[in-house]
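The block underneath contains the structure these notes are about, expressed in structure tokens.
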Amino acid sequence: MGVADLNGSTTINLAPPFPALRRGRLETLQVNLGYRCNQSCSHCHVNAGPSRTEMMAADTIDLVLAVLKARAIACLDLTGGAPELHPGFRDLVRQARRLGVAVIDRCNLTILSEPGQEDLAAFLAHQGVKVVASLPCYIAENVDRQRGDGVFERSLSGLRELNALGYGDEHSGLELDLVYNPQGAHLPPPQAALEADYRRELADRFGLRFNRLFTITNMPIQRFAAVLRQQGQLEGYMTLLRQHHNPANLAQVMCRSTLSVDWQGFLYDCDFNQMLALPIGQASPRAHLRQLLEQDPAGEPIAVADHCFGCSAGAGSSCGGALS
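Per the numbering used here, the sequence shown starts with residue 307, numbered consecutively.
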């Protein structure tokens with residue numbers, strides 16, 4: 307599949323395709339509870355925003371819990387949109403934790419100050435939920451340019467609230483990781499060096515702490531692809547990703563151990579494939595969550611396309627940051 311297939315142009319891509327992959331043991335179920343969000347970020351591959359209405363039904367949430375138990379899955383990774391806006395979010399977290407499943411909340415930080423969410427941070431702490439929070443820079447201008455006016459100050463407020471509850475303290479057991487996305491059509495800088503910069507700047511300027519920084523490559527799909535196309539940078543960005551493909555990263559790409567579930571319960575090899583409607587293993591008809599009650603997906607082929615070079619380029623990229 308070429309750039310043309312992903313983005314609607316007629317250009318033919320004759321470059322070598324992304325290498326074939328097969329799934330390993332399923333360790334993480336990444337569940338998209340819906341596309342509604344209190345922000346509309348320029349790099350968002352989900353096209354999430356306040357006007358989106360897609361939301362997971364209660365019986366599908368029950369099925370998520372059944373699959374976690376049946377497959378003995380270690381981690382439930384909750385995403386959106388803003389997953390916390392789903393009315394069943396807290397009950398899902400409680401029940402998953404009762405099963406002994408680790409829970410990740412992919413939090414945009416500003417949700418903590420939304421009306422009706424005043425006790426959200428305390429709830430996350432009480433349940434021992436790992437928070438992975440978006441903070442694309444430690445400079446206000448850069449954050450607000452990417453995520454909207456005032457987002458930086460609201461993000462700092464959210465971090466202060468989490469820190470006050472023990473998040474980011476290495477002795478508390480409450481893990482707070484931050485996520486960096488590049489501002490434009492380039493690869494992230496080295497993760498370790500940037501983490502040191504974040505740690506110094508957030509501590510010195512604001513008295514804030516966190517556990518780790520994840521650098522994540524912007525994927526050339528959906529809203530970000532549209533921005534690149536308008537700027538005439540899409541083809542160049544795809545070339546950049548291909549030229550920096552690192553085969554050593556293939557052993558650790560997240561699709562080998564994670565399955566993505568959309569708000570309707572359909573399965574995808576990753577969150578990015580979900581947004582491109584590429585079903586798991588390119589199966590037809592689409593595989594559904596209920597199939598995991600009886601079927602182990604280990605060893606199955608993974609659907610790959612040109613956007614996958616975003617995960618293998620340079621130091622690699624996953625929902626847990628750089629791969630190498």
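No residue lacks a Cβ here, since even glycine has one placed at the ideal position from N, Cα and C. This one's a predicted model, so the numbers in the text were calculated from it and none came from an experiment.
On the premise that residue j lies in contact with residue i, defined as a C-beta separation below 8 Å, what is that separation, rounded to the nearest angstrom?
i: R358; j: G394; result: Not confirmed; about 17 Å, so no contact.
i: L405; j: L565; result: So it is not a contact: roughly 17 Å between Cβ atoms.
i: F578; j: R592; result: Not a contact, Cβ separation roughly 16 Å.
i: L480; j: F516; result: With 8 Å as the limit, L480 and F516 do not qualify as a contact, their Cβ atoms being about 11 Å apart.
i: G422; j: W569; result: G422 to W569, Cβ: 21 Å. No contact.
i: E467; j: A402; result: The Cβ separation is near 23 Å, so there is no contact.
i: P494; j: Y486; result: 6 Å
i: F520; j: G626; result: 6 Å
Let me know the secondary structure DSSP gives residue i once reduced to three states.
i: E559; result: The amino acid occupying residue 559 in the given sequence is Val; Glu does not appear at that position. Reduced to three states, the DSSP call for V559 is coil.
i: R400; result: helix
i: H477; result: coil
i: Q423; result: coil
i: C614; result: helix
i: A619; result: strand
i: P325; result: coil
i: R278; result: Nothing in the structure corresponds to residue 278, since the chain is present only between 307 and 630.
i: D455; result: coil
i: I417; result: helix
i: N338; result: strand
i: D365; result: helix
i: Y444; result: coil
i: T359; result: coil
i: H392; result: coil
i: A380; result: coil
i: R529; result: helix
i: A439; result: strand
i: G411; result: Note that residue 411 is Asp in the sequence shown, not Gly. Strand.
i: H432; result: helix
i: L565; result: strand
Going by other Cβ atoms of all chains shown within 10 Å of its Cβ, with 16 needed for buried, is residue i buried or exposed?
i: L312; result: Here L312 scores only 47 on pLDDT, less than 50, and its place in the model is too uncertain to base an answer on.
i: G314; result: Confidence at G314 is low in this model, with a pLDDT of 41, below 50, so its placement is unreliable and no value can be given for it.
i: R562; result: buried
i: P323; result: exposed
i: S630; result: exposed
i: G616; result: buried
i: H613; result: buried
i: A621; result: buried
i: A557; result: exposed
i: H432; result: exposed
Those runs of the alpha helix (DSSP H) which lie wholly inside the segment 459-524 and span at least 4 residues: 497-512
Segment contact flag, the segment 404-421 with the segment 446-461, C-beta cutoff 8 Å, min 3 pairs: yes
Unbroken stretches of the alpha helix (DSSP H), 4 residues or longer, contained in the segment 577-607: 577-581
Segment contact, 8 Å Cβ cut-off, at least three pairs: the segment 520-537 with the segment 595-605: no
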